[in-house]
Amino acid sequence: MLPRMGVALVGGRLEQIEAAARVAAAAGFEAVASGDSQSLYQDVYVRLSLIGRAAPGVRIGPWVTNPVTRHPAVTASAVAALWELSGGRSFLGIGTGDSSVANLGLPPASLAQLEDYVKAVRALWGSDSGSAGGATRPLRWFTGRIPVGIGASGPRALRCAGRIADEVWVLTGALTPQQRAAAIGFLEEGTRQRTAGLALSPTIWWVSVVSIGRDEADAIEQAAPDLATFANAGFRMTLRGKGLPLRWRRRIERFLDGYDPRFHVEVGENPNSKLLREYDLLPFLAERVGLCGTPREIAEKLERLAADGVEGVWFWTRADDQVRFLSELAVGFGDPLPQ
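Whatever position you read off the sequence shown (first residue = 1), add 1153 for the numbering used here.
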């Protein structure tokens, strides 16, 4: 039995998006998202509209947008429009800001700003009270509660997600029980101050890098660009509370110092993946977050995670041909492909 699965489609050509979404839906993915990085690929809401039209049965939303480049009223309206387009299946995925803000030379939002932003968006939907940036007047054409998810890695971000989010994408690593237990502990600290009106705890997605190869070793080699992206997203804000042994901590620090956001989701070897190899971080990251191997081997690893109590896995990959990549995964899962 496989866990619930979601996937973010980042990069690629617009004409690929719809076909990739159809294959993801046929392969059993519950949610299909798009990243929000205006300097690196097309607008997130254009991409999500195409996904919603192509795969009407899946959940759709940005994974993830940020409080810096988009006013809360703009985000509230866009995600509400997706709610209408998808028949009530949209969500808002948000974080403090990564490549979208770094490539503009701007700092990410603080967690306090993120929390204020989420309150403002919910107020604009008429489902909460709060304001940010003058966003105090609800949308005239929409009223409702749309799920809000937060991408989180450090203790403070996980506590914040535990306090205010409907779902959370955990970027500290799903493949080791120790990392899962640590992240759940931080989330539970946040749920003790849970926002009124929410479920008792957020739905958890464990983020993993997925790579297909001739065998596991080949797949790990091919995963280097995605693992570099993950390392930046998962460790750039803080190394505290992430279970890093000292020998890896120093290498991660050097890697982060040299990370270039212009190549954040670049396919193939790029300066960031080369930097990852320079500090010999590939084996460590593959063990921590990599689902690498043949399609069948990946399916077997997912089955083991489900048996170990992992309910939801979110795929992080940037394939040059996303349709082919998802089609190969679908074969591994034993699912039929769309005709």
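Ideal placement from N, C-alpha and C gives every residue a C-beta, glycine not left out.
Check: Separation of T1228 from D1281, as counted between CA atoms; Outcome: 15 Å
Check: Whole-angstrom distance between L1409 and N1385, CA atom to CA atom; Outcome: 6 Å
Check: Collapsed DSSP secondary structure at G1485 in the structure displayed; Outcome: helix
Check: Under the three-state DSSP convention, the category P1300 falls into; Outcome: coil
Check: Straight-line Cα distance separating I1337 from G1343; Outcome: 10 Å
Check: Rounded separation between S1263 and I1247 - CA only; Outcome: 13 Å
Check: Beta-carbon proximity list for K1454, same chain, < 6 Å, skipping 5 on both sides; Outcome: L1444
Check: Residue closest to R1393, alpha-carbon to alpha-carbon, out of V1197, S1306, Q1266; Outcome: S1306
Check: Beta-carbon proximity check, G1210 vs R1242, cutoff 9 Å; Outcome: yes
Check: Within 9 Å, strictly: CB atoms of P1261 and A1314; Outcome: no
Check: S1097 versus F1383 - alpha carbon distance; Outcome: With the chain running from 1154 to 1492 in the structure shown, residue 1097 is simply not present.
Check: Distance between I1303 and A1318 (C-alpha atoms, nearest Å); Outcome: 6 Å
Check: Selected residue, minimal CA-CA separation from Y1432, among L1277, P1300, R1400, P1448; Outcome: R1400
Check: Beta-carbon spacing of A1483, V1176 below 9 Å; Outcome: yes
Check: Pairwise C-alpha distance: E1168 and G1205; Outcome: 14 Å
Check: For I1317, the residue or residues it bridges with in DSSP; Outcome: Paired residues: none, contrary to the question.
Check: The alpha helix (DSSP H) enclosing F1339, as first and last residue numbers; Outcome: 1330–1344
Check: In DSSP terms, what P1215 is bridged to; Outcome: S1187
Check: Contact with chain C by R1293, beta-carbon distance below 9 Å; Outcome: Looking at the structure shown, chain C is missing, and only one protein chain is on hand.
Check: Those runs of the beta strand (DSSP E) which lie wholly inside the stretch 1198–1285 and span at least 3 residues; Outcome: 1212–1215, 1245–1247
Check: Beta-carbon gap between V1360 and W1469 smaller than 9 Å; Outcome: yes
Check: Cβ-based neighbour list, D1189, same chain, cut-off 6 Å, excluding 5 preceding and 5 following; Outcome: V1197, P1215, T1218, S1253
Check: Inter-residue CB distance, R1275 and D1379 (contact presumed, cutoff 8 Å); Outcome: No, R1275 and D1379 are not in contact; Cβ-Cβ is about 32 Å, not under 8 Å.
Check: Of the listed residues R1367, A1234, A1226, R1223, nearest to L1203 (C-alpha basis); Outcome: A1234
Check: Sequence-distant residues of the same chain with beta carbon closer than 6 Å to L1428, five excluded per side; Outcome: F1408, G1411
Check: Helix, strand or coil at V1307 [DSSP, three-state]; Outcome: A small correction: the amino acid at residue 1307 is Gly; Val does not occupy that position in the sequence shown. Three-state DSSP puts G1307 in coil, outside helix and strand.
Check: Coil, strand or helix - A1179 by DSSP; Outcome: helix
Check: Same chain, Cβ closer than 6 Å to R1298, five either side skipped, listed in chain order; Outcome: S1280
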